Amino acid sequence: MTLPPNQPVRSFAPGSPERASLIAELARQRANPRRVLPVINGKKVDTGTSTDMREPHAHANSLGTYASAGAPEAQAAITAAIDARHDWSRMDTAARRAVFLRAAELLAGPFNDRLLAATMLAQSKTAFQSEIDASCELIDFLRFNVAFAEQIEAMQPLSSPAERNRLEHRPLDGFVFAAAPFNFTAIAGNLAIAPALMGNTVVWKPSERAVYSAAFLMDLFEAAGLPPGVINMLPAETPAAIGDTVFSSPHLAGVHFTGSTAAFDRIWQTVGSNVSRYRSYPRLVGETGGKDFVFAHVSADVDALVTALVRGAFDYQGQKCSAASRAYIPLSLWKPVTERLAEIVSSLTMGNVSDLTNFMGAVIDQRAYTQISAFLDHAASAPGHRKIAGAAPSDETGWFIPPTVIACTDPKSRIMTEEIFGPVLGLYAYPDGKLAETLALVDQSTPYALTGAIFAQDQAVINQLSLALRDSAGNFYINDKPTGAVVGRQPFGGGRRSGTNDKAGSPFNLLRWSSPRTVKETFVPPVSHLYPHMAG
Ligand SMILES: NC(=O)c1ccc[n+]([C@@H]2O[C@H](COP(=O)([O-])OP(=O)(O)OC[C@H]3O[C@@H](n4cnc5c(N)ncnc54)[C@H](O)[C@@H]3O)[C@@H](O)[C@H]2O)c1
Ligand SMILES: N[C@@H](CCC=O)C(=O)O
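Rendered as structure tokens:
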């Protein structure tokens, strides 16, 4: 079965048509603040509350407000999802899939600028970062998931002349709760659409830090013809208000989560403690945090390594679960690597993402700004840390944390072992001869295993490093940065405390949303209970 091509990534170079129309849409959205409401059973519900949605890089600018859902709306969304399940799960699969293919075409067409601009304004992504997320990755999720669902359906058991066997892919017996992180519009969408494509109905809670772009996603689903009640959107200032209702419902059949390890731990514990309430065992799929590494061998190409460090650590302000956050550099390469890194990092431009000349925007909000600043304060005050590059943070006009590189003498420093989720890269210099010991450090010094990259030239060395770090990352890169997985090419997800590794954008993930029924049809049934060996 053929897979669709990936959606091409455009350049947004000066003079390009995509740049002109994006700039016009940014202005249009800025001039038209939105009021976002929960959507339950296809109807918008105003709860009367009002939470501001602001641009992280220009926090005086409001994009509008949203009405926060609470327990009553969560209960209504569960009821809507349960009611919608009958028809949606029985809809002809080709018709169901058409909704998602239509959404892909709409997103590649009239909705494209809307989603791109909304993601730039709400999440402070540059044009390129928004393009690879809200446009390319989401279009790919929509199209590839349909192709993967067809592959899954095609995998049928053996039949014989006497019997016909088949596997029917039914949705889970209840509703799926999808909870999204702020950092990827595509992930927010996929968390809802992957279960829905398999016939499930969904209570979808976008991140409280990215409600604005989620509202445009909901517009897209509706425009694609998604029936009411299939995906019910609950923006909520207090996530636990939704979680408490959802996790105590006997109809909870699955959780599709992406976010922090701490939040998924709490969800898992709550679901575990409620397990006897549920009508079925809820499927728990959670892709969580990371402390992603770059390991350089003495044979590494310095220019390729430094480019990967800069893009891997500082694209989207380091707010990717895959971001390069700790790097291990052999002493013999330390000087050229750190000098080149310091030179490039100090030249990176940061500011309002509507100015397309900027390399970076701001971090998502004040909470992130404070948390990342605390790591920088720690590095400034605790012995064994030396800043190689990085200016002072500023929160005057936006939540700006400049890209920062910190040399750490202790490879177990907090900078080298804890998820920072910001533009901070820790470096550790290892003696060239201590290869095995350093690989053990890479593998053992954090609880995560999400992404990692190695840089080396010799194939035998590449094989040695790949084997030594086999369990250290679910997405492993050789001579490339550890970010930027593409749907259909690098199925994404990590092990250990980075998640259940169900590989978003792959058939493995879709299978989690199916409860197959095996059907055996016997053409000529036996009419006697006696077996031949019983004949006297
Ligand atoms: N592994 C991956 O594929 C991947 C991808 C993106 C982000 N992430 C991780 O996500 C984190 C950043 O995202 P974030 O700050 O938005 O994460 P977060 O954990 O703060 O929030 C994630 C989602 O969970 C919801 N949530 C939290 N507690 C809840 C509760 N009790 N009940 C119901 N919903 C609840 C939040 O409202 C949000 O929608 C980082 O740790 C990053 O590594 C992982
Ligand atoms: N899939 C993205 C990361 C998603 C997490 O934030 C990447 O590969 O960079």
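Here the sequence shown stands for residues 537 to 1072, where the numbers follow my numbering.
By construction, the Cβ of each residue, glycine as well, lies at the ideal position given by its N, Cα and C atoms.
Here the structure is a predicted model, which is why all the values come from computation and not from measurement.
Closer than 7 angstroms to some heavy atom of ligand 2: that does not describe the Cβ of S660.
Rounded to the nearest angstrom, the gap between the Cα atoms of P697 and L762 is 40 angstroms. Within 10 angstroms of the beta-carbon of T893 lie fewer than 16 other beta-carbons, which makes it exposed. For D828, the uninterrupted beta strand (DSSP E) run begins and ends at 828-832, by DSSP. Membership of I688 in the alpha helix (DSSP H) is indicated by the continuous run 674-690.
Taking every protein chain shown into account, the CB of S547 has fewer than 16 other CB atoms within 10 angstroms, so this residue is exposed. Note on geometry: alpha-carbon atoms of S949 and A927 lie some 21 angstroms from one another. Here L961 has A849, V941 as same chain residues with Cβ atoms under 6 angstroms from its own Cβ, once five neighbours each way along the sequence are excluded. Cβ neighbours of K580 within its own chain (closer than 6 angstroms, five residues either side excluded): L573.
Exclusion of the five residues before and after F664 leaves no residue of its chain whose Cβ lies closer than 6 angstroms to its Cβ. DSSP places A849 inside the alpha helix (DSSP H), whose first and last residues are 838-850. Separation of the CB atoms of V739 and L770 is rounded to 6 angstroms, and the pair is thereby assigned contact status at 8 angstroms. Proximity to ligand 2 was defined by a C-beta distance below 6 angstroms to any of its heavy atoms, and the residues meeting it, in sequence along the chain, are N719, F720, K856, C857, S858, T1019, G1020, A1021, F1028. With 16 or more neighbouring CB atoms inside 10 Å of its own CB, E591 falls in the buried class.
Shown here for S1050: same chain residues with a beta carbon closer than 6 angstroms to its own, the five before and five after excluded, namely H705, M734 in chain order. Not one heavy atom of ligand 1 is found less than 7 angstroms from the C-beta of L762. Between the alpha carbons of P553 and N719 lies a gap of roughly 27 angstroms. In the structure shown, E699 adopts extended strand secondary structure according to DSSP, grouped into three states.
The nearest non-hydrogen atom of ligand 1 is 7 angstroms or more from the C-beta of P574.
For the pair N1015 and I688, the Cα-to-Cα distance works out to about 33 angstroms. Ligand 1 has a heavy atom closer than 7 angstroms to the beta-carbon of T824.
Shortest gap from the CB of T585 to any heavy atom of ligand 1: 7 angstroms or more.
Assigned with DSSP and collapsed to three states, Y1067 falls in coil, not helix or strand.
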